[in-house]
Every structure is written in C-alpha cells, then in structure tokens.
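Just so you know, the protein sequences line up as chains A and B, in that order. So the first sequence is numbered by our numbering: it starts at 1 and just counts up by one. So the second sequence is numbered by our numbering: it starts at 1 and just counts up by one. All residues carry an ideal CB built from backbone N, CA and C; glycine is no exception. The next block holds one structure in the form of structure tokens; read it before the comments.
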Amino acid sequence: MIKQKIKSQKKINKSSDNESNKIINFSDPVLESINLNVLYGKVLAVKEVNIQVPKNKVVSLIGPSGCGKSTLIRCFNRMNDTIRIARVNGQVLYNKRDVSDMDPAEVRYRIGMVFQKPNPFPKSIYENVAFGPKVNGIKENLDEIVETSLRKADLWKEVKDRLKENAYGLSGGQQQRLCIARTLAVNPEVILMDEPCSALDPISTDRIEELIKDLSSSVTIVIVTHNMQQAVRVSDYAACMMAGEERIGELIEYGEVDQIFGNPKDKRTEEYVTGRIG
Amino acid sequence: MANYHGRKSLDLGLLEIETKINALDLKILEVFEDTFSSFYEKDLEKSKKVIKNDYLINKSSLEIENNSIEVIRRETPLASDMRKLTSYMFVSQELERIGDYLSGICKINLKIGKKPFITKFEKIPKMEAIAKNMLKDSIKLFSNVPEEKKAIKAARKIFSQDDEIDYLNYQVQNDLIKRMSRDSKLVEQGTYIIWVAHNLERISDRANNIAERTIYVITGDSGAIVPYELEE
Ligand SMILES: Nc1ncnc2c1ncn2[C@@H]1O[C@H](COP(=O)(O)OP(=O)(O)O)[C@@H](O)[C@H]1O
Ligand SMILES: [Mg+2]
Numbered sequence: 001m002i003k004q005k006i007k008s009q010k011k012i013n014k015s016s017d018n019e020s021n022k023i024i025n026f027s028d029p030v031l032e033s034i035n036l037n038v039l040y041g042k043v044l045a046v047k048e049v050n051i052q053v054p055k056n057k058v059v060s061l062i063g064p065s066g067c068g069k070s071t072l073i074r075c076f077n078r079m080n081d082t083i084r085i086a087r088v089n090g091q092v093l094y095n096k097r098d099v100s101d102m103d104p105a106e107v108r109y110r111i112g113m114v115f116q117k118p119n120p121f122p123k124s125i126y127e128n129v130a131f132g133p134k135v136n137g138i139k140e141n142l143d144e145i146v147e148t149s150l151r152k153a154d155l156w157k158e159v160k161d162r163l164k165e166n167a168y169g170l171s172g173g174q175q176q177r178l179c180i181a182r183t184l185a186v187n188p189e190v191i192l193m194d195e196p197c198s199a200l201d202p203i204s205t206d207r208i209e210e211l212i213k214d215l216s217s218s219v220t221i222v223i224v225t226h227n228m229q230q231a232v233r234v235s236d237y238a239a240c241m242m243a244g245e246e247r248i249g250e251l252i253e254y255g256e257v258d259q260i261f262g263n264p265k266d267k268r269t270e271e272y273v274t275g276r277i278g
Numbered sequence: 001m002a003n004y005h006g007r008k009s010l011d012l013g014l015l016e017i018e019t020k021i022n023a024l025d026l027k028i029l030e031v032f033e034d035t036f037s038s039f040y041e042k043d044l045e046k047s048k049k050v051i052k053n054d055y056l057i058n059k060s061s062l063e064i065e066n067n068s069i070e071v072i073r074r075e076t077p078l079a080s081d082m083r084k085l086t087s088y089m090f091v092s093q094e095l096e097r098i099g100d101y102l103s104g105i106c107k108i109n110l111k112i113g114k115k116p117f118i119t120k121f122e123k124i125p126k127m128e129a130i131a132k133n134m135l136k137d138s139i140k141l142f143s144n145v146p147e148e149k150k151a152i153k154a155a156r157k158i159f160s161q162d163d164e165i166d167y168l169n170y171q172v173q174n175d176l177i178k179r180m181s182r183d184s185k186l187v188e189q190g191t192y193i194i195w196v197a198h199n200l201e202r203i204s205d206r207a208n209n210i211a212e213r214t215i216y217v218i219t220g221d222s223g224a225i226v227p228y229e230l231e232e
C-alpha cells in the first residue's frame, strides 16, 4: 500500500448549526419554503425553515417526534389551512408560484398527500380512485384512469375483479396502495407522505417502498419516516429536523442520503441516526 | 427499527467485539515478543510454538468478522456505528496478516536452524523496535478512539516512522546483496534475513493501515487521508 498521511488542510467539522449543512440549492426546485414559520395559536412550532425539493427525487424528512415534520410537510400543500389554530408565516413556492395565491383545491391535487393511516372513502375501490378526476370534472376515460392509477400503485392485479367492492374490505397495505392510486389519479407532480408505512406490516411496507422507488421517476416524493433504513432505501436526499430546548422545530441538516446516514455533519444528526437520541 | 428503539443491544454488540479485538491485540504483541526472542536466541521450540498457534489468531480474526456481520445484520447501524463495525472487520484482518508475517519469521528461524548467523544484526533490531512501536501505537489509537485532533496527531506520529523503516529495509537488502554477490555461501541465509526485514516492513505497513482506519472511523472522511504522492 502507498504511504499515507493526513491531509492537513482538510477541516472536518461536526459542529452544530452550520448554515452550509442545511442548504442545497437546486436549479429548478418543485417545492421551496422560504423563512417558513408555523404557529399553533401563540406557540411557535417550526422556525425559519428554508428547504428546496428537487424534481422527481425522493426527499425524506427525519427527526424525533414533535420536531415539526408533519407540520412542515402540511405546509407544502396547505393542509395546515384545515387546522384552525395553525398560522403559517413565510412562503411556500410550488414551481415558483406562491401556494397561498393558488386555489387550495388545485394545490392539493397537484401536490397529493398520503397519511399514516390509510384513509379510503367508504365507497367502492373504483369510486375511490375515480373520485379525484370526477371532482375535477373529468367524465371520459374514467375506466382507463382508474386502471392506470391502480397499475401504477401496484394494486391492479389484486383488485381488478373486485372493483365494485367496498374499499374497507382490503388489507391495510392494500388500502394504503389504494390511497396512493387515488392520489395518482389526478396526475400530481408531488406526493407528500407522512409516515405512510407506520401502520403496515413489513411485507406491505416493502411493497410501498418499491412503489415509491418506481414512482420517483415521474413524481417528486417527500416522505416523513421514523424508519432510518427506509429513508436510506427510498430517498435521494434527507432532511433532519430537531427541536431544541424551547421545543421549536428547525431544519438542522439537509443533504444527500448517503451523506446524512453515512457521515452526518451535525452531531445532532449523527446522534439521531445512530439512535442516541430520539 | 432496532437502532431506533434503543441502542442497548447495539452497544452490547460493539462492546463484545471490542473486547475480542483487545484480546487479539494482546495476543499479537505477545507473539511479536516471542518471535524475536526465539529468533535471536535460536529457540527453535518457541518458534515452532508460534507457528503452531497461528491458527488461534486466524480463528479470533474470523470470529471478530462474524460478530461484526451479525451485529450489522441485526442492528442495521448507521454513520459512525457502521464505520466502527466495518473497521473491526478490517482491523482484525490486518492483525491476522501481522500474525502471518510473524509466524513467517519463525519459519525462517527454523530454516536457518542452529547454524551461526552471518550478521551481527544492527538494523533488524532497529526495524523491529520501530515496527513494534508503530503497532502498539496504532492498536492503542484504534481501541481508544480519542477526539479528532489528538487522533490525527497520534496518527501522524505513526506515519512519520514509516520512512525510516523503509530506509532500513533498503539498507539491509543492499548490504546483504552486496555480501552475497561476493560470497555465494551467504546466499541462503542472506535471502532468509532479507525476508525477515521485508516482513517487518510489511508489519509496519499494516500498523499504518490500522491508524488510517481510526482516522476514518472518527472523521467519516476517507479523504481525510491522502497519499503522499498526491501532495505537492
Ligand atoms: N393541531 C395541532 N395543534 C396544536 N399543536 C400542534 C398541532 N399539531 C402539532 N402541534 C405541535 O407542533 C409541534 C410539532 O408537531 P408535529 O409537526 O406533529 O411533529 P412531528 O410530525 O415531527 O412529530 C409539536 O409540539 C406538536 O405538539
Ligand atoms: Mg408527524
């Protein structure tokens, strides 16, 4: 082996709160938050988040419970509008347009959302998927849209002979894939997923992960997950959030997934991903 | 996930492997002493014992590797934990190779046998002392994992001895080749002694690797160390 010596110039910092740890600039981000602050009543929950989400990539949001991941992800498609006491300051841009200037319904079909617990409507499988397009005034080719969406969600084979049956008859994993199909039916550009697998068994989880990887060639996905290995497996980038003493959530580090999980720069990220905190 | 819900079982796993590495460290240092005392004193029985017991070193090295794989499989560790575990495997293999070099020297001792030495041994004991120091220091560095600045300082000290041992090795070769070309009766033992020096140089190189690994475990940056050749 060749003789080695330590590079002297190289300064390795594991310090906290380094601005450069948090910022990645993309040339054409699909989503971007600028100085985002969210309050519940008078209580500040998330502080000064600046983050860009690149097109057709998977970004995972990680961090201990209560650090504001759900709060942040809900800002992207204005879901916080539905929480009476929530107040959002700062900007969220979707393809450079401020989402607060857009029609909330448009925001939500362009930026779909999948929740922790599968939440199909108490209707047939078919109606669940056709719902979005119908609301958007689409009357033609519904069968085709339903089939394509179910195929994309990797559910078609299992349900093609029982489309008229109630969605509640499906297993948890199937229901979650149905919710993904429902989101896909309106051709979203972004899908937000808030712990989409935490209510699922390992096999269903595997299938959702496969699905995320497949979808990411054509949709941008932001996923909140507590499962570090899942984040490693499915995402391109990871953002770590953390709440300090005052319990105000902040973005502390954002980077390529290999770096965040292999060699985090912020010591709090290191402690979180290695299970020392959280 | 295991590493999410608590570190207890991961920490226990790491501790168990570290304990095994420490035991292997001590074993190697003991074999180092035995190898050279048996060599200078022509204690062929002791040399035979070293050769015979080399399998124990191989066995512990494999055990460390298997334990590391098991912990990786079970805990799916990340970041510094993952670097530690892969480094345990790497270092145990380096130690195993060092064991091979030492038992190689013992085999040479048996080949030379009771015939008188053709040299007074000036440079080889120097090489031996340097290699032993480098080995001790790198083992200590790897098992203590000091904070970054201290670690880099210690690693630098280890690397800095490398040139000296290379030069001594070169001198041993040169001297003996000259003598052998003048007197063919020296060729057999001369060649053996060149091998002894060579093995010592290899041991010091493995010690370097161990120090290098420690820096990688601490910084997570394999680029923290660059080859001399790439620096101006
Ligand atoms: N609907 C709500 N009303 C009041 N406080 C809330 C609400 N949702 C979240 N919070 C508070 O905001 C903080 C961040 O919560 P959340 O975004 O759910 O974190 P995470 O998803 O990372 O677990 C927490 O302190 C939580 O109690
Ligand atoms: Mg949440």
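Ligand 2 and K117/A: does any heavy atom of the ligand fall closer than 6 Å to the residue's C-beta?
no
Per-residue DSSP class, three states only, for P264/A
coil
Name the chain B residues whose beta carbon is nearer than 8 Å to that of E270/A?
A79, S80
Check D194/A in the structure and name its three-state DSSP category.
strand
heavy atom of ligand 1 below 6 Å from T71/A C-beta
yes
Compute the Euclidean distance between the alpha carbons of Y192/B and P116/B, then round it to the nearest angstrom.
13 Å
With DSSP collapsed to three states, give me the class of T35/B.
helix
V99/A beta carbon less than 7 Å from that of V38/A
no
Could you have a look at R87/A and say whether DSSP puts it in helix, strand or coil?
strand
Tell me which same chain residues have a C-beta within less than 8 Å of the C-beta of C197/A, skipping the five on either side of it?
Q176, S204, T205, I208, E209, T225, N227, Q230
For the alpha helix (DSSP H) that contains M82/B, what are its first and last residues?
79-112
Residues in the region 215-234 of chain A having any Cβ partner in chain B nearer than 7 Å:
H226, N227, M228, Q229
What is the rounded straight-line gap between the Cα of N144/B and the Cα of A151/B?
9 Å
Quick one: does the C-beta of I208/A sit closer than 6 Å to a heavy atom of ligand 3?
In terms of ligand content, the structure shown lacks ligand 3 and carries ligand 1 and ligand 2 instead.
Distance between E45/B and S184/B (C-alpha atoms, nearest Å)
29 Å
Report the option in T71/A, G90/A, Q91/A whose CA atom is closest to the CA atom of T82/A.
T71/A
Going by other Cβ atoms of all chains shown within 10 Å of its Cβ, with 16 needed for buried, is L176/B buried or exposed?
buried
Sheet register partners of N37/A (DSSP bridge)
N89/A
Own chain, CB closer than 6 Å to Q259/A, minus 5 neighbours either side, in chain order:
none
Using the Cα positions of K134/A and Y254/A, report the straight-line distance between them to the nearest angstrom.
38 Å
Excluding five sequence neighbours on each side, which residues of the same chain lie with their C-beta closer than 7 Å to the C-beta of R213/B?
S87, F90, V91, F142
Is L142/A closer than 7 Å to F76/A when the C-beta atoms are compared?
no
Selected residue, minimal CA-CA separation from I158/B, among K20/B, N58/B, E94/B, A211/B
A211/B
So is the beta-carbon of I83/A under 6 Å away from any non-hydrogen atom of ligand 1?
yes
Quick one, which of M180/B, N208/B, E148/B, K140/B has its alpha-carbon nearest I165/B's?
N208/B
In three-state terms, what does DSSP make of N166/A?
strand
State the Cα-Cα distance for the pair I12/A and N169/B, rounded to the nearest angstrom.
In this predicted model, I12/A has a pLDDT of only 48, less than 50, meaning its place in the structure is not dependable; the value taken from the coordinates is given anyway. Rounded to the nearest angstrom, the two C-alpha atoms are 36 Å apart.
Candidates S33/A, G249/A, Y272/A, R247/A: closest to R78/A by CA position:
S33/A
Based on the DSSP secondary-structure assignment, which residues constitute the bridge partners of G249/A?
V46/A, A243/A
What residue does the alpha helix (DSSP H) around S138/B start on, and which one ends it?
123-144
Return yes when the Cβ of M193/A is within less than 7 Å of the Cβ of G68/A, no when it is not.
no
Given the structure, does C67/A come close to ligand 1, in the sense that its CB is under 6 Å from one of the ligand's heavy atoms?
yes
Counterpart residues of M228/A in DSSP-defined beta bridges
Beta-bridge pairing links M228/A to no other residue.
Three-state secondary structure (DSSP) of I51/A:
strand
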